[in-house]
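Input: a single structure, listed below in structure tokens.
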Amino acid sequence: MSETFGSRWPVRSITRNAADTSRWTSSWAVSRRRARLRSTALPTALVRGPPPTSSAGPRVEAETPLKRSGTLFSISGMVFSAIRFGKRFLCGAGAASRRVTGTLPQTACRDRFGPSRPGRVGSVRRKQLETQGRKLLIGDVLRRAAEATPDAPAACVGSFDRGYATRSYAELERDANRLALALRNELGIGHGDRILVWADTSIEVLPLFVAVAKLGAVFAPLNARLSAAEAGEVAALARGTLLIVDSGRAPQAQALAEAAGLDCWALLPVGDEGRRCAVEDRGADPKRVVLDATALPDAPSPIEEPRLEETDPHVIFFTSGSTGRPKGVVLSHRANWLRGFQGVFRDQPERTVCMFPLFHMAAFTLAIAAWQTRGEITYTDASAEALLAACEARRANRLYGLPLVWKRIVEADLSKFDLSSLVQLDSGTSATPIELLERMRTCFPAAGIRIYYGSTEVGSATALPDADVIRKPGSVGLPSVNVDVRLDDDGEILVRSPYLMDAYFDDPAATSAAFVGGWFRMGDLGALDDDGYLSIVGRKKEVLRTGGESVSPNEVEGVLRDCRGVEEVAIVGLPDPEWGEVLCAAVVAAPDATPTLAQLRDHCEGRLAGFKKPRRIALLDRLPRTAATSQVQRTMLVEEILTRGLAKE
């Protein structure tokens, strides 16, 4: 299973045949549709065994050099699918350079867009899906669904107490075309323009997302939880062409537009009340344009679109960087399309309930996945009651949440809800505690569980299937389809796939530092068990993850340094079963005063989003620092806080 070649990191190889894949057949039955690609990526897997003798289907060959340092850990594309489905994957022998040969049944190569036929499986050098010559464009996903199932529900936003706003595919496509026509004709939006959107989750955001894609423009959502000052910093960084805000942010829009260097801004009315107010206030601000899809004239379907390529940028998601400066993750149409396709697990429509707001990458990925199956995406609050009520009301078959949300769900009174439609429970973005997984299994015995690990930059890097969630506690699984995962010499996790970001927007230095030879640096340290399953053992980067949000310690420290009573401060993450990590402010108090946690949080009010505020405080005489550079030794600091029990709420 492993050998060592001049390195403390073993080289892993994974070889399975039909005799030892029964557990994969059952646990991945719902993923059978993934094998129906006519062309997909092969792994860069290191394998051992006798030369292949089978001729049971199309022949697959990929040249895979054997690394003599570092760890290469990869099962991707059709090979991973074959393992899942209990098919044979025969492995050839070799020396320092190996040739991987796999055979797959012809039925496994059926194109998901057409009838069963023999197909060619792509090699590791070709990571392009063949979809009958179609480009992988986001605007086409909704258009095709609207043509096929115009009256089927496509999206739903709301909660049990506020009610649900729904749209069919025909309605979403109609609104997207109307908005696209207005953006192009009235505001001159075109190919490559960056559209800043600062809005809460609403049904009105979804057609705007598609409209921007149809024009070849770039959708750039701002975190709705940011303060006005923080949003202004991100807007200035993005250098957008147009700012669009929802009804609740209209009073702050002009100041934000000025911070972004824009002459005008657009209002996206939300709900009947928002539309009524927009009509009453029409003309009140000459720099404001109202984008009300329900009041705009009809547009032809499909509208005349510019010539787009699937490699064109489609969206920019802003995430915290290790320097405190926000980074804009640029994703192409193709990357977004494939991330959505990667998340599809059934041949029937996906009816997904999502807790992520419509400025998170996962929220849009799940929408694309649902639309690709002619299903429905439902967005609701992150409370257990709201999520469970939405599952019942929309007859959802898939529920996605973070570990902290699943903890609330299993502690709720489940008897109040009809959850019989649920067949898939997803948890991300890190390992889920074994105690929580056991509770999930007990509460939802008929549903499968899957754990994900990834980031905005890479999408889903690994997945832990249902059959292994209890057997492999603490693991984040094996590489997702079309993903290669490798451990560098120092144990850092590297990822390569067709879903990777193109770059950090306007930050070539950060982009260059994030990649090494086409592999993205995750910033996490990993380890592999004897079966090749990945676990996260530490963090190489300083960016913290709390409740699914990324937080830069430098940013929070910069705000707290001028708080009364703070002489020195360092922000660290402490492990927490609910939040993953909680922010702890390690403070050296000034001689004249000792700050409290409440004072620190009050000081952050209006300057930082709520999730960036510290939840613990630890008072110390000094911060551990390196002798050479005087940098805070954060690992040592965390150990000291935990060992001495210094963290107070």
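Residues are numbered in the numbering used here as their position in the sequence shown, beginning at 1, plus a constant of 639. Ideal Cβ placement from N, Cα and C applies to all residues, glycine included. Note that the structure is predicted; figures quoted are calculated from it, not measured.
When the Cα of residue i is compared with those of the options, which residue comes out closest?
{"i": "T1095", "options": "F1083, T1017, D1163, M1000", "result": "M1000"}
{"i": "E1220", "options": "V1226, L1258, V1277, G1165", "result": "V1277"}
{"i": "V884", "options": "D1141, D931, D790, R1255", "result": "D931"}
{"i": "K926", "options": "R946, D902, S940", "result": "D902"}
{"i": "D839", "options": "D1107, L907, E949", "result": "L907"}
{"i": "W1218", "options": "R1240, L1043, S1059, I1280", "result": "L1043"}
{"i": "V1176", "options": "L820, G1165, T933", "result": "G1165"}
{"i": "G831", "options": "P846, A892, E948", "result": "E948"}
{"i": "A874", "options": "T958, R915, L1167", "result": "T958"}
{"i": "A934", "options": "T1274, A917, I942", "result": "A917"}
{"i": "A896", "options": "T1068, G871, D911", "result": "G871"}
{"i": "L836", "options": "P941, G1014, R783, P996", "result": "Checking the sequence shown, residue 836 turns out to be Val, not Leu. Out of P941, G1014, R783, P996, P996 has the C-alpha closest to the C-alpha of V836."}
{"i": "L847", "options": "R1135, L822, D1129, A863", "result": "L822"}
{"i": "I942", "options": "D1146, A852, V1134, K1180", "result": "A852"}
Are the Cβ atoms of residue i and residue j separated by less than 8 angstroms?
{"i": "A634", "j": "G1113", "result": "Past the edges of the chain, shown from 640 to 1288, lies residue 634, and the structure says nothing about it."}
{"i": "E1074", "j": "I1109", "result": "no"}
{"i": "V1062", "j": "F1159", "result": "no"}
{"i": "R849", "j": "I777", "result": "Checking the displayed sequence, the identity of residue 849 turns out to be Val instead of Arg. Cβ atoms of V849 and I777: closer than 8 angstroms."}
{"i": "R833", "j": "R888", "result": "no"}
{"i": "L781", "j": "Y808", "result": "yes"}
{"i": "L1026", "j": "V1049", "result": "no"}
{"i": "P1253", "j": "L1213", "result": "no"}
{"i": "T1017", "j": "R1033", "result": "yes"}
{"i": "S1066", "j": "L1041", "result": "yes"}
{"i": "L1285", "j": "L1259", "result": "yes"}
{"i": "R1228", "j": "G1197", "result": "Checking the displayed sequence, the identity of residue 1228 turns out to be Ala instead of Arg. For A1228 and G1197, no; Cβs fall outside 8 angstroms."}
{"i": "C1030", "j": "F1056", "result": "yes"}
{"i": "R973", "j": "L1139", "result": "no"}
Report buried or exposed for residue i, applying the criterion of at least 16 other Cβ atoms within 10 angstroms of its Cβ.
{"i": "T1282", "result": "exposed"}
{"i": "V1271", "result": "buried"}
{"i": "V686", "result": "Here the model assigns V686 a pLDDT of 26, short of 50, so the residue's position is not dependable, and the following value carries that caveat. The residue is buried, with at least 16 neighbouring Cβ atoms inside 10 Å."}
{"i": "N1297", "result": "Look at the range of the chain in this structure, 640 to 1288, and you will see that residue 1297 is not part of it."}
{"i": "V699", "result": "Reliability fails at V699, whose pLDDT of 32 lies under 50, so the model's placement of it is uncertain and the value that follows must be treated cautiously. It is buried - the Cβ of V699 has at least 16 other Cβ atoms within 10 Å."}
{"i": "R946", "result": "exposed"}
{"i": "N1121", "result": "buried"}
{"i": "A1232", "result": "exposed"}
{"i": "G761", "result": "Low local confidence applies: a pLDDT of 24 at G761 is under 50, so the model's placement there is unreliable, with the coordinate-based value given in what follows. Counting Cβ neighbours within 10 Å, G761 comes out buried, since at least 16 surround it."}
{"i": "M1161", "result": "buried"}
{"i": "E786", "result": "exposed"}
{"i": "V969", "result": "buried"}
{"i": "A1152", "result": "exposed"}
{"i": "M1275", "result": "exposed"}
{"i": "Q981", "result": "buried"}
{"i": "S1059", "result": "exposed"}
{"i": "G827", "result": "exposed"}
Which of the three DSSP states, helix, strand or coil, is assigned to residue i?
{"i": "R1296", "result": "Here the chain comprises residues numbered 640 to 1288, so residue 1296 is not present and cannot be evaluated."}
{"i": "A721", "result": "Confidence is the limiting factor: at A721 the pLDDT is only 33, short of 50, which leaves the residue's position unreliable, though a coordinate-based value still follows. Three-state DSSP puts A721 in a helix."}
{"i": "S1119", "result": "coil"}
{"i": "W1218", "result": "coil"}
{"i": "H953", "result": "strand"}
{"i": "Q1270", "result": "coil"}
{"i": "M1161", "result": "strand"}
{"i": "Q1063", "result": "strand"}
{"i": "D885", "result": "strand"}
{"i": "K1251", "result": "helix"}
{"i": "A905", "result": "strand"}
{"i": "E812", "result": "helix"}
{"i": "R1240", "result": "helix"}
{"i": "R915", "result": "helix"}
{"i": "C1030", "result": "helix"}
{"i": "G1098", "result": "strand"}
{"i": "G1212", "result": "strand"}
{"i": "V1134", "result": "strand"}
{"i": "V1044", "result": "helix"}
{"i": "I1090", "result": "strand"}
{"i": "R978", "result": "helix"}
{"i": "G879", "result": "coil"}
{"i": "R1178", "result": "strand"}
{"i": "R1184", "result": "strand"}
Rounded to whole angstroms, how far is the Cβ of residue i from the Cβ of residue j, which I believe are closer than 8 angstroms?
{"i": "R1080", "j": "P1104", "result": "At roughly 14 angstroms, the Cβ-Cβ gap does not stay under 8 angstroms, so R1080 and P1104 are not in contact."}
{"i": "A793", "j": "L820", "result": "The pair is not a contact, with the Cβ atoms about 20 angstroms apart (cut-off 8 angstroms)."}
{"i": "A1070", "j": "S1174", "result": "7 angstroms"}
{"i": "R978", "j": "T1004", "result": "5 angstroms"}
{"i": "S1250", "j": "V1208", "result": "For the record, residue 1250 in the displayed sequence is Phe; it is not Ser. That belief does not hold up - the Cβ atoms of F1250 and V1208 are roughly 18 angstroms apart, past 8 angstroms."}
{"i": "A905", "j": "L881", "result": "6 angstroms"}
Counting contacts by CB-CB distance shorter than 8 angstroms, is residue i in contact with chain C?
{"i": "A870", "result": "Protein chain content of the structure displayed is limited to a single chain, and chain C is not contained in it."}
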